[in-house]
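Enquirer:
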Amino acid sequence: MIERFRAVLNGKPVEAEIDSRALLIEAVRDCGARGARIGCLTGDCGACSIVLDGRLVKSCLVLAVSAEGSDIVTIEGSRHAIADELRDAFVACSGFQCGYCTSGMIMVAIDLLQANPSPTEADIRRAVSGNLCRCTGYEDIVRAIGQAAEALRNKCTGKAENGG
Ligand code: FES
Ligand code: FES
């Protein structure tokens, strides 16, 4: 059965015709946000991680019809200091090789740093433990997230010292 899917995607209203069995990752990509990836479709790889009504979810585990009317943010809509710092750190630390897992890793890292600006290495490893990197670049990914966290803290300290 064909259903109409409406949502706010990265701040803009979107609308699409979808199969009633479509997954949210499929609807989101059909609506143009192709940064979220289709990997396993079984909730194991984290490549499809997005924010749904403020909560990080694996969008292959959500039926699109159940997200009707929701507010969705993908990597394309993640435009803030934490996301920018993570992107820079992933480049600086070679936190990606083929890049397939990267948007999911960054979405998880944003979620982590929003909740915990000073994560330990164990915190970072725990946060990304639901995400797979088939290039096995885990060490560099963990290092990149740690580096981004440190850079963000230094910026905050600098602002505080300068009265900003
Ligand atoms: Fe969703 Fe792998 S595609 S967890
Ligand atoms: Fe290739 Fe992670 S960089 S899957």
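For the record, in the sequence shown the residue sitting at position 84 is 196 according to the numbering used here, with numbers rising by one throughout. Backbone N, C-alpha and C fix where the C-beta goes; we use that ideal spot for every residue, glycine too.
Along the chain, where does the alpha helix (DSSP H) containing A239 start, and where does it finish?
Expert: The residue labelled residue 239 in the question sits at position 127 within the sequence shown. Segment 233 to 239, the alpha helix (DSSP H) holding A239.
Enquirer: Give a yes or no on contact between the stretch 199 to 215 and the stretch 237 to 247, applying the rule of three or more CB pairs nearer than 8 Å.
Expert: Cβ pair count under 8 Å is three or more, so yes.
Enquirer: Do you know offhand how far E127's Cα is from D142's?
Expert: As a first step, residue 127 must be located in the sequence shown, where it is residue number 15. As a first step, residue 142 must be located in the sequence shown, where it is residue number 30. C-alpha separation (whole angstroms): 10 Å.
Enquirer: Using the C-alpha atoms, what's the distance from V177 back to I130?
Expert: One-based indexing of the sequence shown puts residue 130 at position 18. One-based indexing of the sequence shown puts residue 177 at position 65. For I130 and V177, the distance between alpha carbons rounds to 8 Å.
Enquirer: Threshold first: 3 residues or longer. Then list the beta strand (DSSP E) segments lying entirely within the stretch 128 to 176, N to C.
Expert: With a minimum length of 3 residues, the continuous beta strand (DSSP E) runs that stay inside the stretch 128 to 176 are 161 to 164, 167 to 170.
Enquirer: Within the continuous alpha helix (DSSP H) that includes E180, where are the two ends?
Expert: Within the sequence shown, the letter at position 68 stands for residue 180. E180 -> no alpha helix (DSSP H), and no H or E assigned at all.
Enquirer: Mind checking N243: buried by the 16 CB within 10 Å criterion, or exposed?
Expert: Residue 243 sits at position 131 when you count from the first residue of the sequence shown. Buried, by the Cβ-count rule.
Enquirer: With a threshold of 16 other CB atoms inside 10 Å of the CB of S215, please say whether the residue is buried or exposed.
Expert: Against the sequence shown, residue 215 aligns to sequence position 103. Label assigned to S215: buried.
Enquirer: Does DSSP classify F208 as helix, strand or coil?
Expert: Position 96 of the sequence shown, counted from the start, is the residue given in the question as residue 208. F208: coil per DSSP, three-state reduction.
Enquirer: Should G207 and I253 be called a contact, given that it needs their Cβ atoms to be closer than 7 Å?
Expert: Taking the sequence shown and counting its residues from 1, one reaches residue 207 at position 95. Taking the sequence shown and counting its residues from 1, one reaches residue 253 at position 141. It is a contact, given that the beta carbons lie within the stated cut-off.
Enquirer: Could you tell me whether any non-hydrogen atom of ligand 3 is closer than 6 Å to the CB of Q209?
Expert: Ligand 3 is not part of the structure shown, which contains ligand 1 and ligand 2 as its ligands.
Enquirer: Return yes when at least one heavy atom of ligand 1 lies under 6 Å from the C-beta of A148, else no.
Expert: Against the sequence shown, residue 148 aligns to sequence position 36. The answer is no for A148.
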